[in-house]
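Inspection log for the structure reproduced underneath, given as structure tokens.
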Amino acid sequence: MPKLIRFYIINCVIGFAVAGVFTALILWFNVANMWHLVSGSDIGLMAVVVFWVLNGIVFAGVQFAVAIMLMDDSDDDDDEPRGGMMIPVRAAAPMKMPSPTERR
Numbered sequence: 000m001p002k003l004i005r006f007y008i009i010n011c012v013i014g015f016a017v018a019g020v021f022t023a024l025i026l027w028f029n030v031a032n033m034w035h036l037v038s039g040s041d042i043g044l045m046a047v048v049v050f051w052v053l054n055g056i057v058f059a060g061v062q063f064a065v066a067i068m069l070m071d072d073s074d075d076d077d078d079e080p081r082g083g084m085m086i087p088v089r090a091a092a093p094m095k096m097p098s099p100t101e102r103r
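Everything in the sequence shown is counted per numbering that gives the first Met the number 0, starting at 0 for the first residue and increasing by one.
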């Protein structure tokens, strides 16, 4: 399996695990009376699964983005100045142009 695919799958699993913990904490602390709503409904299990999956999608995306942004790029040689052609850039000097309404 390529390294990038393995990296993506690992971070998605981490994101879904964090979403599972988040869902469990939401139900445990009864935020917005969620535990009562889930336990009192006949489709409460499906609601918990949907809540977990939707949060898992968000958390997996955030986890992958954070992992990409925290990657070490110390082996890149892009930090050194390369010089270039050293051609000076000159800006055009403003000049006065006569307007059609101006008298000479």
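Glycine is no exception: its CB is placed at the ideal position from the N, C-alpha and C atoms.
- DSSP places residue 92 outside any alpha helix (DSSP H), giving it a letter other than H or E.
- Using a 10 angstroms sphere on the CB of residue 22, the tally of other CB atoms reaches 16 or more, which defines it as buried.
- Rounded to the nearest angstrom, the gap between the Cα atoms of residue 54 and residue 69 is 22 Å.
- The distance from the Cβ of residue 19 to that of residue 51 is about 6 Å, consistent with a contact at the 8 Å cut-off.
- At a Cβ-Cβ threshold of 7 Å, residue 37 and residue 46 count as neighbours.
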